[in-house]
Amino acid sequence: VMVQIGHIERFNRAVRAALPHVKKPRFIDSERLAPFSPRGSDVAVVLDLMIHDIDLLLTLVGAGARDISAVGVPVLTPMLDIANARVTFTSGAVANITSSRISRERKRKIRIFQQREYLSLDLAAGTGEFYRLKPDFDPATIRSGPTDIAAFVDRVKLHAPDGEPLKLELESFVSALKGEAPVVVTGEEGRLALGVALRIVKEIELTLPSLVGHAHHHA
Numbered sequence: 001v002m003v004q005i006g007h008i009e010r011f012n013r014a015v016r017a018a019l020p021h022v023k024k025p026r027f028i029d030s031e032r033l034a035p036f037s038p039r040g041s042d043v044a045v046v047l048d049l050m051i052h053d054i055d056l057l058l059t060l061v062g063a064g065a066r067d068i069s070a071v072g073v074p075v076l077t078p079m080l081d082i083a084n085a086r087v088t089f090t091s092g093a094v095a096n097i098t099s100s101r102i103s104r105e106r107k108r109k110i111r112i113f114q115q116r117e118y119l120s121l122d123l124a125a126g127t128g129e130f131y132r133l134k135p136d137f138d139p140a141t142i143r144s145g146p147t148d149i150a151a152f153v154d155r156v157k158l159h160a161p162d163g164e165p166l167k168l169e170l171e172s173f174v175s176a177l178k179g180e181a182p183v184v185v186t187g188e189e190g191r192l193a194l195g196v197a198l199r200i201v202k203e204i205e206l207t208l209p210s211l212v213g214h215a216h217h218h219a
């Protein structure tokens, strides 16, 4: 049986454009905010929204999660409606992940920091920018006085072929079924992302004993 997990953000144009530039991330900041909707509110926001970012982070970093600390609050429902996690990966990279389903605005952004480089992705718009220190950058010039940072940084708009993520996701699965390409999001990758999400929920439960029972009942 062939399985492809429905982590649709893997097919987001911004993510597809960024992947060739991601080398060794040191720090990643991820923010996913959404207005409240009854759909999905019977599970923690970690399992509803944050899990998409967890899958992306595991893909971008290319390493497993080592240490996790997390906080969260139930606001409109008995479940977690907002959550933040700090994840340290086995590679030494660190990610700060925030997810909320009680926001006034809708936002899906990821910032990726690596040596001499920085990527800023807007997943909602499917756009991204890549910033890189120029090869001739000399730290001494920064110390000598006020200066325009733009003079030392190359800024590139990220580009990837257009494509509606759901359509691309379905096409990729058909290609995998035909044996033309490997599965993009394997069952094992889905299991790893779910494992990290459940660890985050467990960490939050330690700080909010009243959640225990609710989370397990619905999970």
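Going by the working numbering, the sequence shown opens with residue 1, and the numbers climb by one from there.
All C-beta atoms in this analysis are idealised placements derived from N, C-alpha and C, irrespective of residue type, glycine included.
Who are the Cβ neighbours of residue i in its own chain at under 8 angstroms, not counting the five residues just before and after it?
i	result
residue 117	21, 23, 130, 131, 132 and 133
residue 69	85, 86 and 203
residue 90	63, 64, 65 and 66
residue 176	2, 4, 182, 183 and 184
residue 243	As shown, the chain starts at 1 and ends at 219. That puts residue 243 outside it, with no answer to give.
residue 8	52, 165, 166 and 169
Please name the residue or residues paired with residue i in a DSSP beta bridge.
i	result
residue 129	120 and 157
residue 98	31 and 84
If you follow the beta strand (DSSP E) that residue i is in, where does it begin and where does it stop?
i	result
residue 53	Taken as a continuous stretch (DSSP letters only), residue 53 belongs to no beta strand (DSSP E), being part of the alpha helix (DSSP H) at 51 to 61.
residue 88	82 to 89
residue 65	65 to 73
residue 109	107 to 114
With distances taken between CB atoms, is the gap from residue i to residue j smaller than 8 angstroms?
i	j	result
residue 49	residue 106	no
residue 112	residue 28	yes
residue 35	residue 104	yes
residue 160	residue 16	yes
residue 158	residue 14	yes
residue 46	residue 200	yes
residue 5	residue 180	no
residue 108	residue 119	no
residue 93	residue 32	no
Report all residues from its chain with a CB closer than 6 angstroms to the CB of residue i; omit the five preceding and five following residues, and keep chain order.
i	result
residue 73	82
residue 96	29 and 86
residue 156	130
residue 121	14, 18, 110 and 128
residue 173	4
residue 88	66, 67 and 94
What are the boundary residues of the alpha helix (DSSP H) that includes residue i?
i	result
residue 207	187 to 207
residue 8	No alpha helix (DSSP H) contains residue 8, which DSSP labels as neither H nor E.
residue 15	13 to 18
residue 141	139 to 143
Leaving out five residues on either side along the sequence, give the residues of the same chain with a beta carbon under 7 angstroms from the beta carbon of residue i.
i	result
residue 76	36 and 102
residue 207	71
residue 114	23, 24, 25 and 26
residue 147	141
Query raised in the report: Are there three or more Cβ pairs, one per stretch, closer than 8 angstroms when the stretch 184 to 200 is compared with the stretch 42 to 61?
Result: yes
Requested in this report: State whether the stretch 161 to 171 contacts the stretch 189 to 198, with contact taken as three or more CB pairs (one from each stretch) at a distance under 8 angstroms.
Outcome: no
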